[in-house]
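Report on the following structure.
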Amino acid sequence: MTTFSQRRSGGFSLVELMVSVVIGLLALLFATRLVISGEANKDAAVGGSDSMQNGMLAMFSLSSDAGTAGWGLNDRTVAGCNTTFSDQRGYALLGAKRGGVDITPLASVVIQSNGTAPDVISFNSGSSNAGVGSISMTGDYGGESYLLGAQTGPYGYNNGDVLVVAPQTPDRPCTVVQITGFNPAAGRTDQLPLGVGSQYRYNLAGGVAQGYAKNVTFMYNLGQPDLLHFHTWSVRNGVLLLRATDLAGAELNGASVADNIVSIKAQYGFDNRVLPNYDPNPAGNGKQMVVTSTGMQITVWSPTMIDADNDGVIGSPGDYQRIAAVRIAVVARGKNVEKPAPGGACSASTALPEVFSNAVPNGVAAVKMTVNVAVAGDPVDWKCYRYRVFETIVPILNSQYRP
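Its first residue numbered 1, the sequence shown is counted upward by one per residue in full-length UniProt numbering.
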């Protein structure tokens with residue numbers, strides 16, 4: 001007993017010490033795994049919250065623009081017209097093709113489809129209370145500093161208003177101009193002078209670029225210049241950008257709207273039916289309009305322009321007038337980078353996102369698209385991020401409610 005007591009008073013035995021070390025290491029291992037698991041769950045939750053907020057902001061912005069698109073541009077003479085447009089602050093209309101030729105259509109929505117890369121989407125509308133208020137050109141235009149209107153001082157035509165000069169025949173493009181109101185001088189009250197200077201930012205330096213004939217040309221009022229709602233949306237380096245005529249400083253290079261947006265995609269929803277209730281325009285210029293008894297229906301989705309009015313030309317004005325809706329997708333990614341597996345490869349996302357997979361409306365075939373979510377210049381593998389996809393369909397109501 002004396003020997004045992006002496007040995008115990010000397011401390012732990014080697015076996016006891018080793019057992020204690022093993023138990024401590026096991027406890028440390030379990031605690032470490034618990035902390036790592038908690039951090040991973042937190043990163044996933046925070047990343048999901050970030051992508052949800054950014055994606056919802058981006059989708060709200062795009063769908064709001066789509067909801068008002070076409071206001072003031074829905075007359076058959078204007079919608080889809082190849083338009084001469086100039087802005088001293090640098091905004092440019094989104095280009096497209098018509099029969100293989102480059103044009104700048106003035107339409108409710110214009111989509112520049114880029115395959116798996118982010119699209120560029122433009123939504124356009126005016127702000128005049130008159131909506132599609134127009135007056136006839138009563139004198140030929142051949143380069144004068146004014147336009148001749150059909151009446152003296154019609155309601156809603158004010159100093160600085162933006163007008164679209166639109167011919168009834170498709171041989172000449174439309175032109176966007178700004179007026180100073182009506183000339184108050186005696187004998188000249190039918191003149192709409194074209195303004196000069198920075199206040200009249202949409203006027204070309206040399207006036208209107210081409211001539212127009214009287215009685216077959218109309219002038220449509222789009223409202224005040226700072227309220228002109230021409231918007232172009234794009235994605236660059238994971239940031240959603242907006243170029244806008246009514247947002248100071250964003251006309252040329254755009255303004256940042258939301259970060260960690262890796263792609264936006266869009267599709268036209270066309271009504272390409274060949275039915276008796278699509279009445280050809282009596283003017284014989286290939287344009288068509290739908291009667292109000294049946295309205296427009298989505299019959300086909302397409303990311304690019306098609307010959308929707310069956311006139312043999314892809315991208316004609318009638319094709320833009322057959323756009324019944326637009327389908328929009330936003331792909332957002334989480335802010336946090338998830339750590340790779342022990343083997344070195346990330347597994348937060350294992351496949352590229354797909355959009356527009358659902359066949360809606362019922363009976364209309366879906367045109368599924370794969371989205372490349374890799375961000376140029378980002379050294380981190382795209383698989384190390386988590387992604388959320390947001391989709392919606394917005395009717396282009398102003399295409400249906402036309403004069």
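A virtual CB, placed ideally from N, CA and C, is assigned to each residue, including glycine.
Keep in mind the model is a prediction, meaning the values are calculated, not measured.
Sequence-distant residues of the same chain with beta carbon closer than 6 Å to residue i, five excluded per side
i    : result
V364 : I298
T370 : T116, L352, E354
G284 : With a pLDDT of 46 at G284, under the threshold of 50, the modelled position of that residue is not reliable, and the figure given next carries that caveat. Correct list: empty, nothing qualifies.
P118 : V235, S263, I264
P340 : C346
A324 : G269, D271, M296, I298
Presumed contact (8 Å Cβ cut-off) between residue i and residue j, rounded CB distance
i    : j    : result
T245 : D87  : 7 Å
M296 : Q400 : 5 Å
A258 : N54  : 5 Å
V208 : V165 : 7 Å
P173 : T83  : 6 Å
S316 : F218 : Not really, about 19 Å apart at Cβ, beyond 8 Å.
L227 : G90  : About 18 Å; that fails the 8 Å criterion.
G377 : N237 : 6 Å
N362 : N74  : The pair is not a contact, with the Cβ atoms about 27 Å apart (cut-off 8 Å).
V176 : F85  : 5 Å
Beta-carbon contacts of residue i that lie in its chain and below 7 Å, excluding the five residues immediately before and after
i    : result
T350 : K383
L242 : H231, W233, A250, G254, A255, V257
P282 : Low confidence applies here, because P282 scores a pLDDT of 44, under 50, leaving its location unreliable; read the following figure in that light. Cβ neighbours of P282 beyond the five flanking positions: none.
V19  : none
S113 : D119, P303, T304
A373 : A small fix is needed here, since residue 373 is Val in this sequence, not Ala. Here the set comprises V262, S263, V331, R333, L352, P353, W382, Y387.
N225 : Sequence inspection shows Pro at residue 225; the Asn mentioned does not correspond to that position. Same-chain partners within the cutoff: G160, V162, Q178, R201, Y202.
S128 : G72, G156, N221, L222, G223
Sheet register partners of residue i (DSSP bridge)
i           : result
residue 404 : A query on residue 404 cannot be resolved here, the shown segment of the chain reaching from 1 to 403 and no further.
A258        : L240
Q191        : L148
R386        : Answer by DSSP bridge pairing: none, since R386 is not bridged.
N221        : L163
G269        : W301, A325
I23         : BP columns for I23 are empty, so no partner.
Q112        : V120
V394        : V326
T232        : S122, R243
V355        : M369
Span of the beta strand (DSSP E), counted from its first residue to its last, around residue i
i    : result
S302 : 300 to 302
N82  : 81 to 84
G318 : That residue, G318, is in no beta strand (DSSP E); its alpha helix (DSSP H) goes 317 to 320.
N124 : 120 to 125
V360 : From DSSP, V360 is part of no beta strand (DSSP E); its letter is neither H nor E.
R327 : 323 to 333
D102 : 101 to 103
T175 : 174 to 178
S134 : 134 to 136
R76  : Note, R76: premise wrong, no beta strand (DSSP E); not H, not E.
G96  : Residue 96 is actually Ala in this sequence, not Gly. Element bounds for A96: 96 to 98.
Same chain only: Cβ atoms within 8 Å of residue i, ignoring 5 sequence neighbours per side
i    : result
V274 : N310
L14  : none
S302 : Q267, Y268, F270, V367
M56  : F390
F356 : K265, Q267, W301, R327, A329, A366, V367, K368, M369, E391
L247 : A255
Proximity of residue i and residue j at Cβ, strictly below 8 Å
i    : j    : result
V337 : V394 : no
A92  : I103 : no
G72  : Y220 : yes
R98  : V313 : yes
S108 : A130 : no
I264 : V239 : no
T180 : N203 : no
S64  : A332 : no
L222 : G126 : yes
Y268 : I111 : yes
V389 : A329 : yes
G211 : Y141 : yes
A58  : F123 : no
A308 : N272 : yes
R402 : R76  : yes
K214 : G318 : no
F182 : Y200 : no
L94  : L147 : no
T169 : V101 : no
C81  : L62  : no
Y320 : A348 : no
Extent of the continuous alpha helix (DSSP H) to which residue i belongs
i    : result
N372 : Where N372 is concerned, there is no enclosing alpha helix (DSSP H), given that its DSSP letter is neither H nor E.
Q199 : From DSSP, Q199 is part of no alpha helix (DSSP H); its letter is neither H nor E.
L397 : 397 to 400
Check: residue i C-beta below 7 Å from any heavy atom of the ligand NAP
i    : result
D226 : Absence of the ligand NAP is noted for the structure shown, with no ligands found whatsoever.
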